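Note sheet for the following structure.
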Amino acid sequence: MATLLYRLGRASFRRRKLVVVLWLVLLAALGGAALAFKGASSSDFTMPGTESQRAIDALQREFPEASGATGTIVVAAPAGGTLADAALKPAVEGLVKEASALPGVLGAVDPFQARALSPNGQYALIQVQFATSADEVTEQQRTAYESSGAAAEAAGLRVEHGGEVMNSEPEVGGTESIGVIIALVVLVITFGSLVAAGMTMLNALIGVGAGMAGLFALSSVVTLTSTAPVLALMLGLAVGIDYSLFITSRHRQNLVDGLTPREAAARAVGTAGSAVVFAGITVVIALAGLAVVNIPFLTVMGLAAAGTVAVAVLVAITLLPALLGFAGLRVLPRKLRATGSHAASHAEPKEGFGFRWARLVTRWRIPVILVGVLGLGALALPAMDMRVALPGAGAGPVGTPGRDAADLITEGFGPGFNGRLALVVSSDSPEQTTAAVQQATQLLQGTPNLLAVTPPNLSQDKRTALLGVLPQTGPTDEATEELVHDVRDRVAGIADADVSLTGQTAVGIDVSEKLSAAMPVYLLLVVGLSVLLLMLVFRSILVPLKAALGFLLTVGATFGITVLVFQEGHLSELVGLDSPGPLISFLPILLIGILFGLAMDYEVFLVSRMREDFVHGAGPQEATISGMGHGARVVTAAALIMTSVFAGFILLDDPVIKSMGFALAIGVAIDAFVVRMTIVPAVISLLGRAAWWLPRWLDRLLPNVDIEGERLREELASEPEREAVTV
Numbered sequence: 001m002a003t004l005l006y007r008l009g010r011a012s013f014r015r016r017k018l019v020v021v022l023w024l025v026l027l028a029a030l031g032g033a034a035l036a037f038k039g040a041s042s043s044d045f046t047m048p049g050t051e052s053q054r055a056i057d058a059l060q061r062e063f064p065e066a067s068g069a070t071g072t073i074v075v076a077a078p079a080g081g082t083l084a085d086a087a088l089k090p091a092v093e094g095l096v097k098e099a100s101a102l103p104g105v106l107g108a109v110d111p112f113q114a115r116a117l118s119p120n121g122q123y124a125l126i127q128v129q130f131a132t133s134a135d136e137v138t139e140q141q142r143t144a145y146e147s148s149g150a151a152a153e154a155a156g157l158r159v160e161h162g163g164e165v166m167n168s169e170p171e172v173g174g175t176e177s178i179g180v181i182i183a184l185v186v187l188v189i190t191f192g193s194l195v196a197a198g199m200t201m202l203n204a205l206i207g208v209g210a211g212m213a214g215l216f217a218l219s220s221v222v223t224l225t226s227t228a229p230v231l232a233l234m235l236g237l238a239v240g241i242d243y244s245l246f247i248t249s250r251h252r253q254n255l256v257d258g259l260t261p262r263e264a265a266a267r268a269v270g271t272a273g274s275a276v277v278f279a280g281i282t283v284v285i286a287l288a289g290l291a292v293v294n295i296p297f298l299t300v301m302g303l304a305a306a307g308t309v310a311v312a313v314l315v316a317i318t319l320l321p322a323l324l325g326f327a328g329l330r331v332l333p334r335k336l337r338a339t340g341s342h343a344a345s346h347a348e349p350k351e352g353f354g355f356r357w358a359r360l361v362t363r364w365r366i367p368v369i370l371v372g373v374l375g376l377g378a379l380a381l382p383a384m385d386m387r388v389a390l391p392g393a394g395a396g397p398v399g400t401p402g403r404d405a406a407d408l409i410t411e412g413f414g415p416g417f418n419g420r421l422a423l424v425v426s427s428d429s430p431e432q433t434t435a436a437v438q439q440a441t442q443l444l445q446g447t448p449n450l451l452a453v454t455p456p457n458l459s460q461d462k463r464t465a466l467l468g469v470l471p472q473t474g475p476t477d478e479a480t481e482e483l484v485h486d487v488r489d490r491v492a493g494i495a496d497a498d499v500s501l502t503g504q505t506a507v508g509i510d511v512s513e514k515l516s517a518a519m520p521v522y523l524l525l526v527v528g529l530s531v532l533l534l535m536l537v538f539r540s541i542l543v544p545l546k547a548a549l550g551f552l553l554t555v556g557a558t559f560g561i562t563v564l565v566f567q568e569g570h571l572s573e574l575v576g577l578d579s580p581g582p583l584i585s586f587l588p589i590l591l592i593g594i595l596f597g598l599a600m601d602y603e604v605f606l607v608s609r610m611r612e613d614f615v616h617g618a619g620p621q622e623a624t625i626s627g628m629g630h631g632a633r634v635v636t637a638a639a640l641i642m643t644s645v646f647a648g649f650i651l652l653d654d655p656v657i658k659s660m661g662f663a664l665a666i667g668v669a670i671d672a673f674v675v676r677m678t679i680v681p682a683v684i685s686l687l688g689r690a691a692w693w694l695p696r697w698l699d700r701l702l703p704n705v706d707i708e709g710e711r712l713r714e715e716l717a718s719e720p721e722r723e724a725v726t727v
């Protein structure tokens, strides 16, 4: 691999103008395709094979007029009045007529006829039925719906618009760019050169632009979930900057060692580029591996993010050496832009903080290991109480229409009205359906936490009925989850009819349970993959096992801290979270996939240098200190950059994106600074030579990926001396 990448880097450097032009043309083409073919994203988190999805499918076939999106207009009378007052009732009725005539609406239900009034008569719910699903409702239709009720408000009523039709895509504005700015500052400090920092950032941004444009260009044929592009942007930015940083750092060191710019770039791509390719492959495999859990929306998210990571790798090993060719010696600080034999004399000091830290960690390795493992274990304890759910409208940012409507519903009717369930009853005849409806209603009487079962709404052929099931608790409450199971258990024995429970709350519970069941399988797959991949790279058994256990510590501590903040609400005000609650259903399994790939990045960049020195004759202790000393600076910068990029997304209002950014930022910081740069060198130092032991029979079976570039060095050493240094 190293030899192939060396030749690729050398060719990119030599044909740098052509490479840059090709990438810019590709970026423009992808951008044009994105503008021309961009499709709408989806907020649909349904899952084939679940009871809730079967009920939705049945409604679409047998009761299509009730299968579209619903809206809920909440109306509140002024203090001291009721909606039945002569001055207010006409305004409510007028709003019903206005809503019924909105574009895309099949009809609206009069709350006085449906008895959708609060006990004190101060609040009312107007149910609005749309003809299409929420994803198919146009922006014009949604705007018209949200703008309705001006006359009612003029009459003194408070009007809020909610329901699934108000589900919106998370908006990516300018606040998350703060993370990018911090990353640029870290690059400037690390490199001591504006040219090197700017070129590294430019390279990463071009990669992100190409990856995101390609993603949106495909969105007309592949339905993207609303969070998929944001996740792809997060990862694309973070790994794009990091991968460029690693290669640029090695290139600068090669220049300082006296190589020509072309040879320095080629060798940087051949050595650091090999680690980048391997690290990128691990991230891509981990993300693409989400497909094995057979959850469509999660598969789309994983593949979308994997695509942007793959583009970041391609940009790093092709475009970056071309840009390095244009930069020349300007990637070095002014004091290091020396020539000939003077270059080495200006080399940056090798005995930096990394060496001092490595000596401290290896000297006190047993206390370091105990404190690190016990500390991370303690942080992981809150994860035992982790709950997951799909967020309802009440979890949205304060001030959004959906959140305001949900809060008003809770105020007037109680939290259960935000978690409304739907019981679908269908049979071969109207008589059987009527009998099944009566039987279901009787069976549900006395169910704990059940507030009411509404009268049935029948399809035109009377063979399908839709009953509303109202819990007493909110949609993400644990008691509501128990109610869903109780209802399903009680109606399971009804004969001669198909009875199933659905609704947004039931869908969220089904999705969460299936994801929770898939998580141990996926975790086992990821851990097994990490052991196998690292065994290939490091020709060792104990090092991969140590890396996998460190990854488990990272995941546990990350889950624990995220639960403390986002579920239990401790210090939630620091991240701008106003409504703590269960974590988004797909966050844990997604976090495992992403953190696995990123953890392997730092493992490879640090430990490969340790193995390289050990193979070339250094003792275990010396190799550990040398590997940490040479890698600590660049890994520290990379981790700070990645943490900053992820943390920038915490500033977004959307709680789902906020929690993803927080968990990834915390996870990267823990893994890089506590696990990889503290526990790992301590453990390797403790293991000594045993760390690099591999049975001979296994060594012969495993292919040699040569990530440290040993064969490349042998090939270069056998050739005539390369070009002299030129200015």
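Here the sequence shown is numbered in full-length UniProt numbering, starting from 1 and rising by one per residue. Glycine included, C-beta positions come from ideal geometry on N, C-alpha and C. Note that this is a predicted model, so its numbers are computed, not measured.
Inset, instruction - Assess, as a yes-or-no matter, whether the region 250–257 is touched by the region 268–282 under the definition of 3 or more beta carbon pairs within less than 8 Å. - result: yes
Inset, instruction - Determine the DSSP secondary structure at Ala155, reduced to helix, strand or coil. - result: Locating residue 155 in the sequence shown gives position 155, counting from the first residue. Of the three classes helix, strand and coil, the one that applies to Ala155 here is coil, per DSSP.
Legend entry - Chain-order list of residues whose beta-carbon lies under 8 Å from that of Gly352 (same chain, five-residue window excluded): Against the sequence shown, residue 352 aligns to sequence position 352. Gly629, Ala632, Arg633.
Legend entry - Residues of its chain near Leu376, where Cβ-Cβ distance is below 6 Å and the 5 sequence neighbours each way are ignored: Here the question's residue 376 lines up with position 376 in the sequence shown. Hits under 6 Å: Leu553, Ala557.
Legend entry - As assigned by DSSP and simplified to three states, the class of Ser148: By one-based count along the sequence shown, residue 148 stands at place 148. Ser148 falls in the coil class under three-state DSSP.
Legend entry - C-alpha gap between Thr400 and Ala436, whole angstroms: By one-based count along the sequence shown, residue 400 stands at place 400. By one-based count along the sequence shown, residue 436 stands at place 436. Using only the alpha carbons, I get a separation of about 40 Å.
Legend entry - Pick from Tyr123, Ala99, Ala196 that is closest to Ser148, judged by C-alpha positions: Working through the sequence shown from its first residue, we reach residue 148 at position 148. The option with the nearest alpha carbon to Ser148 is Ala99.
Inset, instruction - Please look up how many angstroms separate the CB atoms of Val424 and Ala440, rounded, as I've assumed it's under 8 Å. - result: For the purposes of this step, residue 424 is taken as the residue at position 424 of the sequence shown. For the purposes of this step, residue 440 is taken as the residue at position 440 of the sequence shown. Contact doesn't hold; Cβ gap of about 10 Å is too wide.
Legend entry - 8 Å contact criterion, which Val371 and Gly550 should meet: CB distance rounded: What you label residue 371 is simply residue 371 of the sequence shown in a count that begins at 1. What you label residue 550 is simply residue 550 of the sequence shown in a count that begins at 1. Actually they do not touch by this definition, with Cβ atoms about 14 Å apart.
Legend entry - Pairwise C-alpha distance: Arg689 and Val277: As a working mapping, residue 277 is identified with position 277 in the sequence shown. As a working mapping, residue 689 is identified with position 689 in the sequence shown. Taking the straight line from one Cα to the other gives about 28 Å.
Inset, instruction - Please confirm if the region 64–77 is in contact with the region 232–249, defined as three or more CB-CB distances below 8 Å between the two stretches. - result: no
Legend entry - First through last residue of the alpha helix (DSSP H) which encompasses Phe413: Taking the first residue of the sequence shown as position 1, residue 413 is located at position 413. Note, Phe413: alpha helix (DSSP H), 401–413.
Legend entry - Those runs of the beta strand (DSSP E) which lie wholly inside the region 454–524 and span at least 3 residues: 464–471, 498–502
Inset, instruction - Can you have a look at Gly340 and say buried or exposed, based on whether 16 or more other CB atoms are within 10 angstroms of its CB? - result: The residue you call residue 340 lines up with position 340 of the sequence shown. Per-residue confidence for Gly340 stands at a pLDDT of 40, beneath the threshold of 50, marking its modelled position as unreliable; no derived number is given.
Inset, instruction - For my contact list, residue 730 and Ile625 are in at a C-beta cut-off of 8 Å; report their separation, rounded to the angstrom. - result: Here the chain has residues from 1 to 727 only, and residue 730 is not among them.
Inset, instruction - In the DSSP assignment, find the alpha helix (DSSP H) that holds Ile295 and state where it starts and stops. - result: The sequence position of residue 295 within the sequence shown is 295, counting from 1. Premise fails: Ile295 is in no alpha helix (DSSP H) and is neither H nor E.
Inset, instruction - Check the DSSP bridge columns for Ser426 and list the partner residues they point to. - result: Reading the sequence shown from its first residue, position 426 is the one you call residue 426. Bridge partners of Ser426: Thr464, Asp498.
Inset, instruction - Count the C-beta pairs between the region 28–35 and the region 203–217 that are closer than 8 Å, then say yes if the count reaches three, no if not. - result: yes
Legend entry - Exposed unless 16 or more other CB atoms sit within 10 angstroms - verdict on Asn203: In the sequence shown, residue 203 corresponds to position 203, counting from 1. By the neighbour-count rule (16 or more Cβ atoms within 10 Å), Asn203 is buried.
Inset, instruction - Can you say whether Lys335 is buried or exposed, counting buried as having 16 or more other CB atoms within 10 angstroms of its CB? - result: As a working note, residue 335 is residue 335 in the sequence shown. By the neighbour-count rule (16 or more Cβ atoms within 10 Å), Lys335 is not buried but exposed.
Inset, instruction - Could you tell me the distance, in whole angstroms, from the CA atom of Met384 to the CA atom of Leu698? - result: In the sequence shown, counting from the first residue as 1, residue 384 sits at position 384. In the sequence shown, counting from the first residue as 1, residue 698 sits at position 698. Rounded to whole angstroms, Met384 to Leu698 spans 38 Å at the Cα level.
Inset, instruction - With DSSP as the reference, label Glu431 as helix, strand or coil. - result: If you number the sequence shown from 1, residue 431 lands on position 431. Note: Glu431 maps to helix in three-state DSSP.
Legend entry - Nearest candidate by alpha-carbon position, reference Arg676, set Leu83, Leu595, Leu651: Here residue 676 is taken as the residue at index 676 of the sequence shown, counted from 1. Minimum Cα distance to Arg676 is reached at Leu595.
Inset, instruction - Please list, in chain order, all residues of the same chain as Leu194 whose beta carbon is under 7 Å from its beta carbon, the five residues on each side excluded. - result: Locating residue 194 in the sequence shown gives position 194, counting from the first residue. Excluding residues within five positions, the ones whose Cβ falls inside 7 Å are Val188.
Inset, instruction - Rounded to whole angstroms, what's the CA-CA distance from Leu379 to Ala265? Just pull it up for me. - result: Within the sequence shown, numbered from 1, the residue matching residue 379 stands at position 379. Within the sequence shown, numbered from 1, the residue matching residue 265 stands at position 265. For Leu379 and Ala265, the distance between alpha carbons rounds to 43 Å.
Legend entry - When Arg696, Phe614, Ala517, Gln60 are compared against Ile684, the one with the closest alpha-carbon: In the sequence shown, the residue the question calls residue 684 occupies position 684. Nearest option by C-alpha distance: Phe614.
Inset, instruction - Compare the C-alpha of Gly414 against each of His161, Leu27, Leu117 and name the closest. - result: Working through the sequence shown from its first residue, we reach residue 414 at position 414. Cα-wise, what sits closest to Gly414 is Leu117.
Inset, instruction - Could you say which of Asp601, Val398, Leu483, Glu573 lies nearest to Gln445 if we only look at CA atoms? - result: Mapped onto the sequence shown, residue 445 falls at position 445. Out of Asp601, Val398, Leu483, Glu573, Leu483 has the C-alpha closest to the C-alpha of Gln445.
Legend entry - Cβ-based burial, Pro644 [other Cβ within 10 Å; buried from 16]: The count along the sequence shown starts at 1 and reaches residue 644 at position 644. First, the residue type needs correcting, since residue 644 is Ser and not Pro in the sequence shown. Classification for Ser644: buried.
Inset, instruction - Taking all protein chains shown into account, decide if Arg115 is buried (16 or more other Cβ within 10 angstroms of its Cβ) or exposed. - result: By one-based count along the sequence shown, residue 115 stands at place 115. That one is exposed.
Inset, instruction - Would you list the one or two residues that DSSP bridges to Ile73? - result: In the sequence shown, counting from the first residue as 1, residue 73 sits at position 73. In DSSP, Ile73 forms a bridge with Ile126, His161.
Legend entry - Residue from Leu450, Asp496, Val75, Arg490 with nearest C-alpha to Ala479: The residue given as residue 479 occupies position 479 in the sequence shown. Residue Leu450 is the option with its Cα nearest to Ala479.
Inset, instruction - With DSSP collapsed to three states, give me the class of Leu590. - result: Residue mapping note: residue 590 aligns to position 590 of the sequence shown, counting from 1. The answer is helix: DSSP assigns Leu590 an H, G or I state.
Legend entry - Contact under 8 Å by Cβ, Thr447 with Ala497: Walking along the sequence shown from the start, residue 447 turns up at place 447. Walking along the sequence shown from the start, residue 497 turns up at place 497. Not closer than 8 Å, so no.
Inset, instruction - Just mark Lys546 as buried or exposed, buried being the case when its beta carbon has 16 or more other beta carbons within 10 Å. - result: The residue given as residue 546 occupies position 546 in the sequence shown. The residue is buried, with at least 16 neighbouring Cβ atoms inside 10 Å.
Inset, instruction - Could you check what DSSP says for Phe13 in three-state terms: helix, strand or coil? - result: As a first step, residue 13 must be located in the sequence shown, where it is residue number 13. Three-state result, Phe13: helix.
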